[in-house]
Amino acid sequence: VKRIVANRLEFRGGTATGRLLDPVIRPRGAFAPFRENMPDGRRAPKTLARHLDITLEEMRAAVIPAYRQIPSAVCPVVHFDGQIQPSGFSVRRAFAGKQMMLIGVTGFIGKVWLANTLLELPEVKRIYLLIRRQKSNPGERRFEKMVEESPVFDPLFERHGDLLPEFLREKVEVVEGDVTQSGLGLSPEIARSLQKNLDLIVNSSGLTDFNPDLRDALATNTDAAVKVLEFVRGSDHAGLVHLSTCYVAGEQDGRVSEQLIPNYNPRGLADFDAEQEWRSLHEVVLEAEQRAETEEVTSGLRMQAQSKEHAAKNLQGAALENQIRKGRVRWLKTYLTEAGTRRARELGWPNTYTLSKSLAESLIIKHGAGLPVAVVRPAIVETSVAKPFVGWNEGINTSASLSYLLGTYFRQLPSKESKRLDIIPVDAAWDGMKASTPRPRSLTCWGPISASCLRRKASVSTLFQWMRSVME
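In this text, residue positions in the sequence shown follow my numbering: the first is 12, and each later residue adds one.
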């Protein structure tokens with residue numbers, strides 16, 4: 012042996028941290044795409060051989076890869092109460108000639124739903140997109156900008172080229188509205204036309220902040236679900252696919268059946284009434300808004316504004332009132348954020364997000380009787396594995412931050428093989444949603460990661476395989 016070239020792994024207190032000491036291949040940097048090495052931090056074989064001062068043949072003969080073949084794990088599929096879903100369902104036949112409306116197209120899942128549906132299901136007759144106007148930015152312009160800028164639509168550009176605008180005009184129509192408003196904020200004429208012609212409504216809208224302002228959580232995650240259900244009830248024959256989350260289960264151990272349970276709460280309180288809880292939370296919001304205007308809060312905000320380190324010595328008049336107004340907005344937001352989190356934990360949910368999504372499910376159960384509704388419960392929706400292309404994500408979220416970290420000095424992720432990572436690729440979530448077409452006059456619940464063939468045991472080794480495929 013002439014020489015050993017290897018990475019050295021850092022240990023602290025006898026435990027591997029995952030960080031490399033003096034790695035053979037340095038971490039990628041900001042200028043990686045402009046240098047001869049690859050953007051993911053790798054080196055071309057010729058370049059690496061030159062840096063190591065050996066021939067290409069010597070390097071190839073000496074390299075021992077760290078990758079090992081991982082045996083596939085067999086995961087059981089559990090059927091509660093002997094309920095086995097029928098097979099033989101054809102998505103193409105079910106969607107052929109249908110008119111659908113997607114709510115939440117500007118979100119992560121909504122973009123993929125639209126792009127993949129247009130790519131894979133050309134049999135669909137028309138897709139309406141409910142998009143809210145943002146000040147002077149109309150809904151149609153928001154959609155145009157999204158198509159122009161989001162990489163998720165690149166495969167559509169590749170397929171249709173210059174004819175893409177014509178294809179979109181044929182298949183897609185933007186309707187300006189607001190899911191939190193009665194009638195979805197649509198004009199009576201447009202609302203009636205949609206209720207007459209729609210076959211399916213897909214509601215993928217939602218606020219995914221875990222502990223938001225209670226007002227925002229209720230309006231977007233709970234109130235909006237009720238508004239959509241009211242719109243479906245007024246339609247001639249439309250069904251509804253409602254996107255929820257598997258974490259509505261709250262703080263539970265063991266296997267949890269994917270069923271819709273009226274007035275569900277993790278604590279199992281027999282007298283819990285979801286609709287009463289929903290109304291009670293709105294009362295909390297109203298009382299907080301009224302309290303924010305009281306003299307007690309106002310005087311406290313005044314003292315706070317005048318005692319700030321950089322406040323003017325004689326802060327008064329309009330300037331003082333402006334500071335009090337800003338302070339009142341912050342006070343109310345903080346108060347309602349804490350109130351929502353506190354109530355969620357009292358009932359057994361970890362945060363306001365899961366509380367508001369679970370209340371939406373309970374209200375759908377109560378008010379959706381006799382309607383064709385399917386509730387889909389994905390876990391943490393993750394980077395795509397295939398569609399619209401490998402590795403698409405939006406921002407540094409879920410495990411994207413881990414993928415980035417593994418391109419720096421951290422090349423290992425300490426964990427245990429028995430630990431499960433509750434993630435589902437966004438294109439797999441789309442597969443589950445498109446196959447969850449509601450049955451006539453029935454409520455159905457689907458858990459794409461928890462109770463179907465899409466379940467995966469994500470060990471460290473399988474996570475590395477997946478991340479490697481994404482980064483390549």
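Glycine is no exception: its CB is placed at the ideal position from the N, C-alpha and C atoms.
DSSP three-state assignment for residue i, whether helix, strand or coil
| i | result |
| --- | --- |
| Arg302 | helix |
| Thr309 | helix |
| Leu366 | helix |
| Thr256 | coil |
| Asn276 | coil |
| Ile375 | helix |
| Asn222 | coil |
| Leu211 | strand |
| Asn18 | coil |
| Leu31 | strand |
| Val384 | strand |
| Leu132 | coil |
| Leu251 | strand |
| Ala462 | Per-residue confidence for Ala462 stands at a pLDDT of 32, beneath the threshold of 50, marking its modelled position as unreliable; the derived number appears in the next sentence. Here Ala462 sits in coil by DSSP. |
| Thr58 | helix |
| Lys13 | coil |
| Ala285 | helix |
| Asp487 | What the structure shows of the chain is the stretch from 12 to 483, and residue 487 is not part of that stretch, so it cannot be assessed. |
| Trp342 | helix |
| Pro361 | coil |
| Lys122 | helix |
| Thr66 | coil |
| Lys109 | coil |
| Gly217 | coil |
| Glu269 | coil |
| Leu347 | helix |
| Pro50 | Note that Pro50 has pLDDT 48, beneath the 50 cutoff, so the model's placement of it is unreliable and the number below is only indicative. It is coil, neither helix nor strand. |
| Leu197 | coil |
| Gln263 | coil |
| Gly245 | coil |
| Ser488 | Here the chain comprises residues numbered 12 to 483, so residue 488 is not present and cannot be evaluated. |
Counterpart residues of residue i in DSSP-defined beta bridges
| i | result |
| --- | --- |
| Gly188 | According to DSSP, Gly188 bridges with nothing at all. |
| Val116 | Its beta-bridge partners do not exist; DSSP assigns none. |
| Leu141 | Ile114, Val186 |
| Thr26 | Arg23 |
| Asn148 | Gln145 |
Residue of the options minimising C-alpha distance to residue i
| i | options | result |
| --- | --- | --- |
| Gln192 | Asp220, Ala236, Leu167, Arg203 | Ala236 |
| Ala105 | Thr117, Lys136, Leu130 | Lys136 |
| Leu331 | Ala281, Val296, Arg313, Glu68 | Arg313 |
| Tyr139 | Val74, Val386, Ala202, Gly379 | Ala202 |
| Ser204 | Val163, Glu393, Ala249, Gly115 | Ala249 |
| Asp189 | Ile114, Asp165, Glu177, Ser255 | Ile114 |
| Gln145 | Pro162, Glu131, Thr117 | Thr117 |
| Glu306 | Ser291, Phe283, Ile335 | Ile335 |
| Gly121 | Met157, Gly108, Arg152, Glu134 | Met157 |
| Ala446 | Ala281, Glu21, Val387 | Val387 |
| Met444 | Pro223, Arg244, Ser255 | Ser255 |
| Lys377 | Glu405, Glu286, Lys430, Gln315 | Glu286 |
| Leu141 | Val239, Pro162, Leu132 | Val239 |
| Thr233 | Ile375, Glu21, Pro383, Val384 | Ile375 |
| Ile434 | Ile391, Val243, Gln270 | Ile391 |
| Lys13 | Lys182, Pro34, Lys427, Leu63 | Leu63 |
| Asn18 | Pro223, Glu357, Tyr420, Arg153 | Tyr420 |
| Glu372 | Glu151, Pro149, Ala316, Val252 | Val252 |
| Arg37 | Leu417, Lys430, Glu428 | Leu417 |
| Ala380 | Arg266, Glu269, Arg244, Leu167 | Arg244 |
Proximity below 8 Å, CB of residue i to CB of residue j
| i | j | result |
| --- | --- | --- |
| Phe221 | Asn333 | no |
| Ala440 | Pro389 | yes |
| Thr394 | Pro436 | yes |
| Gln206 | Asp247 | yes |
| Val308 | Trp342 | yes |
| Met111 | Leu211 | yes |
| Thr365 | Ala355 | yes |
| Glu405 | Phe119 | yes |
| Ser215 | Thr231 | no |
| Trp360 | Pro162 | no |
| Ala350 | Leu229 | no |
| Ala107 | Glu131 | no |
| Ala303 | Arg353 | no |
| Phe164 | Val185 | no |
| Pro277 | Ala260 | yes |
| Val396 | Asp442 | no |
### Task
Could you name each continuous alpha helix (DSSP H) segment of 4 residues or more that falls completely within the region 388-457, going from the start of the chain to the end?
Listed in chain order, they are 411-416, 437-445.
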